[in-house]
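Number of protein chains: 2
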Amino acid sequence: MIKQYLLAPGPTPVPDEVVRAMAQTMIHHRTPQFSEVFAEAREGLKALFGTKNDVLVLASSGTGAMEAAVSNLFSPGEKVLVINGGKFGERWQQIGQAFGLQVTQLKVEWGKAVKPEVVEKHLKVYPDIQGVLIQASETSTTTLHPVQEIAELTRGGPLLVVDGVTAVGVLPVPMDEWGIDVLVTGSQKALMLPPGLGFIALNERAWARTEKAKLPRFYFDLRLERKNQLKKTTAFTPAVSLVFGLHASLEMMQKEGLERVYARHERLARATRAAAAALGLKLLAPENPSPAATGIVLPEGMDGEKLLDYLRERMGITFAEGQDQLKGKIIRIAHVGYIGAFDVLVAISALEMALKKLGHPVAFGRGVGAAQEILMEGLD
Amino acid sequence: MIKQYLLAPGPTPVPDEVVRAMAQTMIHHRTPQFSEVFAEAREGLKALFGTKNDVLVLASSGTGAMEAAVSNLFSPGEKVLVINGGKFGERWQQIGQAFGLQVTQLKVEWGKAVKPEVVEKHLKVYPDIQGVLIQASETSTTTLHPVQEIAELTRGGPLLVVDGVTAVGVLPVPMDEWGIDVLVTGSQKALMLPPGLGFIALNERAWARTEKAKLPRFYFDLRLERKNQLKKTTAFTPAVSLVFGLHASLEMMQKEGLERVYARHERLARATRAAAAALGLKLLAPENPSPAATGIVLPEGMDGEKLLDYLRERMGITFAEGQDQLKGKIIRIAHVGYIGAFDVLVAISALEMALKKLGHPVAFGRGVGAAQEILMEGLD
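Sequence lines, in order, name chains X and P.
Read in order, the letters of the first sequence are residues 1 to 380 in this note's numbering.
Read in order, the letters of the second sequence are residues 1001 to 1380 in this note's numbering.
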């Protein structure tokens, strides 16, 4: 008997309240019953996005919402700047290229945040850049990019298109206040849902661009989608059960209070970083760590794939691995979504035991104790 | 957002496999479909009881099965010896008295096991004792009684009636091998089910007594029940969903293997005891601790009710309290049922944090570290 602990940055654990909401009897989507739930959920999303704009709900994963941003904003051959500091920066580049844009990449060392002054220089060198595509939180490297500062640079200039997949609902990303033009996210992270919903919000400047944009789109035509969603329905068949779940998860987040949700993510991340330090392990992104997940560099010579296999198969603990050049060298422990203080303590105690099992000297309880000190702050 | 951890000795956590089995569409109980599931589950119970006898399934809690034992075995005014070392020993006494038996009590200090030689003396002093009623594991004091030794004393004499509620499925209680005449348990402990099913097995000697017994019984008439259950049905309406769940939980236990189930309970209990020792806390039952739950004596002067309230309300951790004279002085951490290594580590880290919060000096991670050392044994 091995209990399972899902501690990877998406899919994240789905709370019982959400599971039960999704289990309710199927209803037809062209009904007042669905429309009411759908409209309430859409309204609830605005607080997470920090916007007065519409947040559209798509039956797709987060990548679908990223593609929708590209195909609705640009025209063939237009130039965009992609901030590429990890697998999801790479994804912006792939989408841009697939749609025939001229993609200028700003490559950033994995685990580092992009420097605003470098972005500024690029924008000056290439004044014809129509859009800047970036991650708020680069999940693959557990790094935050300075979106707020970059928004200062794009104001009145190129559109700032932000992948907020492990940021929206994790930390404040106030779209309107910062001046983000387009913000997207997915369901399986902070929203505590299974994968299957994408979300996207555009400000007025971006909506104006959708009329001029000439890239082909049909399923992700946001003009059509907005027209329908303002009438409390969808252009195509919505993912009905996931929308029920979304309604329930937003209710949970509202009940907890967004400020407390953000503080919880930050506290869990700080506790995990403190535990890593107590165990003598380095962070992948020590300067700009994301509160969504913590990347920990494994001891020199340790086989990270073996460690993760052991954790998953023998201990029931699922962490995320490193990708590409980081494969086998790091682990990523998630804090995003339905994760509490004891999930962090399970993660750290499991890591201690697995490291020891694989031959690394560990003083049991040392990482846990360091995490406990910080987690105490969440108690009153 | 406070995640809930149910770590009291019953009800215990119900695994997803069991929840899903219980959620299946309701069927009628007088059907071949129900009979098949019911018969397979009844067969599976024999290994847990260590018996070739029938194990009957009752729609009742464990106390119903205890009452069934008394009302089916004895006649008004007959003398029984009750081993009373806690709240459940007391319950045998209350049932015996309610049914008009002459109950001789052998009171045992809470947290101690009864001494076989004292039982032996009682049986010599009162040769007309018809039954000895005892707990295998006294849940209220987290103590094991020496049932095997006592079975040696009752062999061929009075009937030995054993409440196995936190013993069957937790540790070996081989009814036939030891010579237990009647063994009962309930669903919400090792069987990982919600409350609502009682189980009882009688050996041939006990079945013979049911024919002579003159106490009134109707719902719990075991002769009628056996007649029906041998025909794969029940005398009265069975708890259909719980029987589906039972079938699933027995399958899980068979898959894990009973030896491993027992070893797991023992290991989790040892880890918890080691953690208590590392934290300088005393055990309630240091000599004969039950692997079902560990009773820990709180530091002098600490308000145990406040501690448990704090753990439950602020941390989401449900331990069991002490009862009667132990109220506020101890906590009980359960290991019975669907509980794994990380549940112990959650329990200990939460206890460390709550003790500190209430003013007791604690070196964070010390108890956790001691538990980790032992829990490593369960990994390969």
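Glycine included, C-beta positions come from ideal geometry on N, C-alpha and C.
Quick caveat, the model's predicted, so the values are computed rather than measured.
Looking only at C-alpha atoms, which of X:Leu171, X:Ile129, X:Ala271, X:Glu117 sits nearest to Ser137 of chain X? X:Leu171
Hey, would you say Ile986 of chain P sits closer than 8 Å to His1145 of chain P, going by beta carbons? In the structure as shown, chain P begins at 1001 and stops at 1380. Residue 986 of chain P is therefore absent and cannot be evaluated.
Helix, strand or coil, according to DSSP, for Ser1035 of chain P in the structure here? helix
Which runs of the beta strand (DSSP E) fall wholly inside the region 250-330 of chain X and span at least 3 residues, in chain order? If we require 3 residues or more, the beta strand (DSSP E) runs fully inside the region 250-330 of chain X come out as 293-297.
With contact counted as at least three CB pairs below 8 Å, one residue from each stretch, are the region 1248-1258 of chain P and the region 1013-1024 of chain P in contact? Judged by Cβ distances under 8 Å, the region 1248-1258 of chain P makes contact with the region 1013-1024 of chain P, as three or more pairs qualify.
According to the Cβ coordinates, are Val161 of chain X and Val147 of chain X closer than 8 Å? no
Since I believe Leu106 of chain X is in contact with Phe74 of chain X (beta carbons under 8 Å), could you give me their beta-carbon distance rounded to a whole number of angstroms? Their Cβ separation, rounded to whole angstroms, is 18 Å, which puts Phe74 of chain X and Leu106 of chain X out of contact at 8 Å.
Using DSSP's beta-bridge definition, name the partner residues of Ala1248 of chain P. None, per the DSSP bridge assignment.
Closest to Val1114 of chain P by C-alpha separation, out of P:Glu1067, P:Asn1288, P:Thr1233, P:Gln1004, would be which residue? P:Asn1288
Can you give me the C-alpha to C-alpha distance between Ser241 of chain X and Gln4 of chain X, rounded to a whole angstrom? 24 Å
Between Lys356 of chain X and Glu40 of chain X, what straight-line distance do the alpha-carbon atoms span, to the nearest angstrom? 49 Å
Nearest chain X C-beta to Leu1379 of chain P closer than 8 Å, yes or no? yes
Near-chain X residues of the region 1349-1372 of chain P - C-beta to any C-beta below 8 Å: Ser1349, Ala1350, Glu1352, Met1353, Lys1356, Lys1357, Ala1363, Phe1364, Gly1365, Arg1366, Gly1367, Val1368, Gly1369, Ala1370, Gln1372
CA nearest to the CA of Thr210 of chain X, picked from X:Gly62, X:Phe49, X:Ala69: Here the closest residue by C-alpha is X:Ala69.
Given a cut-off of 8 Å on the beta-carbon distance, is the pair Tyr1262 of chain P and Thr1012 of chain P in contact? no
Outcome for Leu268 of chain X when other beta-carbon atoms lying within 10 angstroms are tallied against a minimum of 16: Buried.
Quick check: what's the CA-CA separation for Gly316 of chain X versus Ile2 of chain X? 6 Å
Output, in chain order, the set of chain P residues within a Cβ distance shorter than 9 Å of Arg264 of chain X. Those within 9 Å of Arg264 of chain X in chain P are Met1001.
Report the partner residues of Tyr219 of chain X according to the DSSP bridge assignment. Answer is none; Tyr219 of chain X lacks a bridge partner.
Below 8 Å between beta carbons: does that hold for Trp92 of chain X and Leu326 of chain X? no
Going along chain P, which residues have a C-beta under 8 Å from Arg314 of chain X? Under a criterion of Cβ atoms nearer than 8 Å, the residues of chain P adjacent to Arg314 of chain X are, in order, Leu1379, Asp1380.
Would you kindly work out how many angstroms separate the C-alpha atoms of His1360 of chain P and Thr1234 of chain P, rounded to a whole number? Answer to the nearest angstrom: the Cα atoms are 54 Å apart.
With 8 Å as the threshold, decide whether the Cβ of Leu1308 of chain P is near any Cβ in chain X. Using a Cβ-Cβ cut-off of 8 Å, Leu1308 of chain P does not count as an interface residue toward chain X, since no Cβ of chain X sits closer than that to its own.
Determine the DSSP secondary structure at Gly1064 of chain P, reduced to helix, strand or coil. helix
Of the residues P:Arg1314, P:Thr1063, P:Arg1260, P:Lys1087, the one placed nearest Ser1140 of chain P, counting alpha carbons only: P:Lys1087
DSSP three-state call for Val1368 of chain P: helix, strand or coil? helix
Are there 16 or more other CB atoms within 10 angstroms of the CB of Leu1379 of chain P, so buried, or fewer, so exposed? exposed
Could you give the distance in angstroms between the alpha-carbon of Leu307 of chain X and the alpha-carbon of Thr142 of chain X? The straight-line gap from Cα to Cα measures roughly 19 Å.
On the criterion of 16 or more Cβ atoms from any shown chain inside 10 Å, does Lys1227 of chain P qualify as buried, or is it exposed? exposed
Count Cβ pairs between the region 46-64 of chain X and the region 271-290 of chain X that sit closer than 8 Å; are there 3 or more? no
When we look at the beta-carbon of Asp1054 of chain P and count the other beta-carbons within 10 Å, is it buried (16 or more) or exposed? Taking all protein chains shown into account, Asp1054 of chain P has 16 or more neighbouring C-beta atoms within 10 Å of its C-beta and is therefore buried.
Between the beta-carbon of Leu1258 of chain P and the beta-carbon of Ala1047 of chain P, is there less than 8 Å? It is a contact, given that the beta carbons lie within the stated cut-off.
C-beta contact flag for Leu1197 of chain P and Val1014 of chain P at 8 Å: Annotated as distal: Leu1197 of chain P and Val1014 of chain P, with beta-carbon spacing of 8 Å or more.
Rounded to whole angstroms, what's the CA-CA distance from Pro1009 of chain P to Gly1186 of chain P? Just pull it up for me. Cα to Cα, the separation comes out at about 12 Å.
DSSP-derived helix/strand/coil call for Thr210 of chain X: helix
Whole angstroms are fine: how far does the CA of Gln1130 of chain P sit from the CA of Ala1213 of chain P? 11 Å
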